[in-house]
Structure formats: structure tokens, C-alpha cells
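**Q** Residue numbers (this note's numbering), protein chains in the order written: chain L, 2 to 158; chain B, -10 to 154. Where is the CB? At the ideal position from N, CA and C, for every residue including glycine. Computed from a predicted structure; not experimentally measured.
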Amino acid sequence: MSILELFNSIQTSALARFIGSLNHLYCAFMELVHITGMLMLLSSLLLTSLNLLGLGLSNVPIQVLKQSTFRLFWWGLGLLILSGLFIFIPAASSYYPNDFFWAKFILIGLGLLTYLTLYRTVTNAVKPDKWLANITGVLVLSLWLGVAFAGRFIGFF
Amino acid sequence: MSLIEISQVLNDSELGTGLRESVYMFPFIEGLHLIGLTLSVGLLFFVDLRLLGIFLPQLPVAQVLRPLRPWLLSGFALTFVTGILLFIAGAAKIIVLPIFFFKLGFIALAGLNALWFELKWGRKIDSWGAAPVLPVTVRLAGVTSLTLWSLVIIAGRLIPYLGYQ
């Protein structure tokens, strides 16, 4: 089964038809959940990145900041995936030819990879190397802000 | 000139038409509006959660608020400027929506809450801000801020849904 066929069968599934039959405010609700998840994920990364870049909260050890924000990152991601699925399912096929849709998933992959490797290493260090901290902050922020931008562009193309 | 007439002029202006019809500029500005939201409301929520004693309660409030203030104020500036541009692009349709005025009302109330907090508590932050559990009115200001900004976001996201049917 090709990806397009998969998307077609998702869109014609009973769940997709059920979601499609709901009031259009359902979609607004799902988008609000998506925005909530985005705020949780991005603002927790922003907070730790400001520290990594030496631009704010530099007096707090990065381990402490990471400890008090990482749950917010994962809960945010959970909300994003769940609401994202419910936005995707009723219109699956229409996303297939959308370049921004695929760009978004490449950026999510890279963002997660950076988070689980470089970011995890740096934020677990007692005193991370300054340059490594700077590079991690820039990389993690650019990738996840890129995800947000790509996501916003999907709806217009 | 009424509000509706002014909005029609903005809507039909070169800037309004250009933004509305642009392929990349409009979504780009919407993207910036979201980034501004993350900087402003996203970071402000951490301050509010500190006021409630949930985020970094071991740290004095000033040590959370002061380093974040320039970022969240820049975020509000970015959200405000991009918000004006987004309004101009759809002014004629937006100005007739009650939900738009609800959004502005919630923003005004959130602003008043912040102003009250600054005047009543912000100036002598070092004298009370070190305690993990803060005075009731301070916590109330935190809850009010969280609630009002959430309502601003909800009202804002509903604008296209209630406007373009």
C-alpha cells in the first residue's frame, strides 16, 4: 500500500467520516488544543534555551530548569500529536501533496533527534561547555520554531 | 468616520489588499504572531506559575520575572505589531465580529491586572518575593493572568471560525 493509498483509506474510514460530520467548531477546539500543546512545548524549550544561550535565567542551573520544564515538553508533545491526529484524519488525502506537511515532519524528526541527544546531554551536564550549550540552544529553537512555521504554512497551501 | 468605515478603508488600502492576497507574507505574519505568543504568553505563564508556587518555588519571584521581562515584553510587541497587520488584512470582516471585541476586552483586562500587580506588588518585589507561598492577592493576580490570556487565545482562534462562514 502506498502512502497516498494509506491517506485515502484514513480519510474514508468510519472515524474520519464521523469527525467530518461534527460541527465546524470541533475543528476550532482541536486547533486550540494544538495551540496549547505548542505553547507548552515551545515555551519550555524557550526557557531552557535562553539559559543555554546566556540570555536569561542564567543564575539558575540548567539541570534545575530542565527538571522543572521537561514534563511540560512531553505533555505538550502529547497534546500536539493527539490533536494533530484529529485534525489530520478527516482530511488526510489533502495533506499528501502539501510540501509544508512533509517539511514539518522532517523538522519534527530532526527536532526530536536533537532533543534526545545533544539537548539531553547538555542539560544533564553540571557545567556544559559554553559553545556546545550555545549551539544546542540555537539548534533546538530553530528546529522547533521551524516546525511551528511549517505547521502554520500547511493551512495556506 | 465610524469604526466600520475606518476598517473598510484599512481593508481596501494597498497594505491590506497586498497582505490579504500575498502567498507567503500572510502565513509568515501569522507564524510570527504565534512566535510572539510563545515569547509573551508562554513565558508569562512561567511567571504566573511561580506566583502560584508551582514553578521553581525555591527561587525568589524577582529572579524569575526580571530576566524574562525583556523577552516577554518583546514578545508582546511582536504579537501586537503582527496582530495589527493581520487585522488590517481582514479588517472589514473582523470589525463586525463580537468575538473580536471580546478578545480586545480580555487583553485590556489582562493589561489592567498586570498594571495593578506592578503598582501594588512589583515595586517592592524583593520584600515579599522570596517566600515559596505568596500572599493571596499575588496568587490571585497569577490565576487572573493565566485565565485572561487563555481567554484571549481562545477568542483569537475563534475569529476566523466565526468570521468566514
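Relative to the C-alpha of Ile(-5)(B), which residue among Ser139(B), Leu45(B) and Ala80(B) is closest?
**A** The sequence position of residue -5(B) within the second sequence is 6, counting from 1. For Ile(-5)(B), the nearest C-alpha among the options comes from Ala80(B).
**Q** Which of the three DSSP states, helix, strand or coil, is assigned to Gln47(B)?
**A** Here residue 47(B) refers to the residue found at position 58 when the second sequence is read from its first residue. Residue state, collapsed to three classes: coil.
**Q** Does the CB of Arg9(B) have a neighbour CB from chain L at under 8 Å?
**A** Taking the first residue of the second sequence as position 1, residue 9(B) is located at position 20. With 8 Å as the cut-off, Arg9(B) does not count as an interface residue toward chain L.
**Q** Say whether chain B places a C-beta atom closer than 8 Å to the C-beta of Ser50(L).
**A** Here residue 50(L) refers to the residue found at position 49 when the first sequence is read from its first residue. Chain B contact via Cβ: absent.
**Q** Does chain C have any CB closer than 8 Å to the CB of Arg39(B)?
**A** Among the protein chains in the structure shown, which are L and B, there is no chain C.
**Q** Do Phe95(B) and Val141(B) have their CB atoms nearer than 8 Å?
**A** Taking the second sequence and counting its residues from 1, one reaches residue 95(B) at position 106. Taking the second sequence and counting its residues from 1, one reaches residue 141(B) at position 152. In this structure, Val141(B) lies closer than 8 Å to Phe95(B) by Cβ.
**Q** My output table needs one value for Ala119(B): the three-state DSSP class, helix, strand or coil.
**A** The sequence position of residue 119(B) within the second sequence is 130, counting from 1. Assignment of Ala119(B) by DSSP, reduced to helix, strand and coil, places it in the coil class.
**Q** For the candidate residues Glu3(B), Phe17(B) and Leu54(B), whose alpha-carbon lies nearest to that of Thr71(B)?
**A** Taking the first residue of the second sequence as 1, we reach residue 71(B) at position 82. The shortest C-alpha separation from Thr71(B) is found at Phe17(B).
**Q** If you measure beta-carbon to beta-carbon, which residues of the region 56 to 69 of chain L are closer than 9 Å to chain B?
**A** Leu56, Gly57, Leu58, Ser59, Asn60, Val61, Val65, Leu66 and Ser69
**Q** Leaving out the 5 sequence neighbours to the left and right, which residues in its chain are closer than 7 Å to Phe91(B) when beta-carbon positions are compared?
**A** As a position in the second sequence, residue 91(B) is number 102, starting the count at 1. Excluding positions up to five away in sequence, the list reads Ala144.
**Q** Going straight from the alpha carbon of Gly31(B) to that of Ala97(B), what length do you get?
**A** Along the second sequence, one-based indexing puts residue 31(B) at 42. Along the second sequence, one-based indexing puts residue 97(B) at 108. Each residue's Cα considered, the two are about 18 Å apart.
**Q** Would you mind giving the Cβ-Cβ distance between Ile67(B) and Gly25(B), rounded to the nearest angstrom? I have them listed as a contact below 8 Å.
**A** As a first step, residue 67(B) must be located in the second sequence, where it is residue number 78. As a first step, residue 25(B) must be located in the second sequence, where it is residue number 36. Per the sequence shown, the amino acid found at residue 67(B) is Leu instead of Ile. The Cβ separation is near 3 Å, so the contact holds.
**Q** State yes or no: is the beta carbon of Gly72(B) nearer than 8 Å to at least one beta carbon in chain L?
**A** Along the second sequence, read from residue 1 onward, the residue named residue 72(B) stands at position 83. Output row for Gly72(B): interface = no.
**Q** Return helix, strand or coil for Gly42(B), following the three-state DSSP convention.
**A** In the second sequence, the residue the question calls residue 42(B) occupies position 53. DSSP places Gly42(B) in coil when its eight states are reduced to three.
**Q** Identify whether Pro62(L) lies in helix, strand or coil by the three-state DSSP scheme.
**A** As a position in the first sequence, residue 62(L) is number 61, starting the count at 1. In the structure shown, the three-state DSSP call for Pro62(L) is coil.
**Q** According to DSSP, is Asp130(L) helix, strand or coil?
**A** By 1-based counting over the first sequence, the position of residue 130(L) is 129. Here Asp130(L) sits in coil by DSSP.
**Q** Give the DSSP-derived three-state secondary structure of Thr13(L) in the structure shown.
**A** Start at 1 with the first residue of the first sequence, and residue 13(L) comes out as number 12. Looking at Thr13(L) - three-state DSSP - the assignment turns out to be coil, as it is neither helix nor strand.
**Q** Cβ of Arg146(B) less than 8 Å from any chain L Cβ?
**A** Mapped onto the second sequence, residue 146(B) falls at position 157. Taking Cβ atoms only, chain L reaches closer than 8 Å to Arg146(B), which makes this a yes.
**Q** Shorter than 8 Å from the beta carbon of Leu32(B) to some beta carbon of chain L?
**A** Within the second sequence, residue 32(B) is the residue found at index 43, counting from 1. Answer yes: the Cβ-Cβ gap between Leu32(B) and chain L drops below 8 Å somewhere.
**Q** Starting from Thr27(B), find everything on chain L with Cβ-Cβ shorter than 7 Å and list it in chain order.
**A** The residue you call residue 27(B) lines up with position 38 of the second sequence. Near Thr27(B) (Cβ distances below 7 Å), the residues of chain L are Leu40, Leu43, Ser44 and Leu47.
**Q** Please list, in chain order, all residues of the same chain as Ser14(L) whose beta carbon is under 8 Å from its beta carbon, the five residues on each side excluded.
**A** Within the first sequence, residue 14(L) is the residue found at index 13, counting from 1. Within the same chain, Ser14(L) has close Cβ partners Ile90.
**Q** Check each residue of the region 53 to 84 of chain B: if its Cβ is closer than 7 Å to any Cβ of chain L, include it; give the result in chain order.
**A** Pro56, Leu57 and Trp60
**Q** Please state if the CB of Ile109(L) and the CB of Val148(L) are separated by a distance shorter than 8 Å.
**A** Mapped onto the first sequence, residue 148(L) falls at position 147. Mapped onto the first sequence, residue 109(L) falls at position 108. In contact: Val148(L) and Ile109(L) (Cβ atoms closer than 8 Å).
**Q** Could you run through the region 19 to 34 of chain L and flag, in chain order, every residue whose CB is less than 7 Å away from some CB of chain B?
**A** His25, Leu26, Ala29, Glu32 and Leu33
**Q** So, is Gln47(B) buried or exposed, given that buried needs 16 or more other C-beta atoms within 10 angstroms?
**A** Residue numbering aside, residue 47(B) sits at position 58 when the second sequence is read from its first letter. The residue in question, Gln47(B), is exposed, as its Cβ has fewer than 16 Cβ neighbours within 10 Å.
**Q** Can you grab the Cα-Cα spacing for the pair Arg121(L) / Ser29(B), in whole Å?
**A** Locating residue 121(L) in the first sequence gives position 120, where the first residue counts as 1. Locating residue 29(B) in the second sequence gives position 40, where the first residue counts as 1. Between Arg121(L) and Ser29(B), the C-alpha separation is close to 26 Å.
**Q** Pull up the distance between the alpha-carbon of Gly21(L) and that of His22(B), whole angstroms please.
**A** Locating residue 21(L) in the first sequence gives position 20, counting from the first residue. Locating residue 22(B) in the second sequence gives position 33, counting from the first residue. One C-alpha to the other measures close to 29 Å.
**Q** Just checking my contact of Tyr96(L) with Phe154(L) at CB under 8 Å: how many whole Å lie between their CB atoms?
**A** Counting from one through the first sequence, the residue named residue 96(L) turns up at place 95. Counting from one through the first sequence, the residue named residue 154(L) turns up at place 153. Not quite, the Cβ-Cβ distance comes to about 12 Å (not below 8 Å), so this is no contact.
**Q** Under 8 Å Cβ to Cβ from Met31(L), same chain only, skipping five residues before and after it: list those, please.
**A** Residue mapping note: residue 31(L) aligns to position 30 of the first sequence, counting from 1. Ser84, Phe87 and Ile88.
**Q** Would you say Pro87(B) reaches chain L, if we count a Cβ-Cβ gap shorter than 8 Å as a contact?
**A** Stepping through the second sequence from its first residue, residue 87(B) is reached at position 98. Among the residues facing chain L, Pro87(B) is not included, as its CB has no counterpart in that chain under 8 Å away.
**Q** Return the CA-CA distance between Ser2(B) and Ile107(L), expressed in angstroms with no decimal places.
**A** By 1-based counting over the second sequence, the position of residue 2(B) is 13. By 1-based counting over the first sequence, the position of residue 107(L) is 106. Using only the alpha carbons, I get a separation of about 39 Å.
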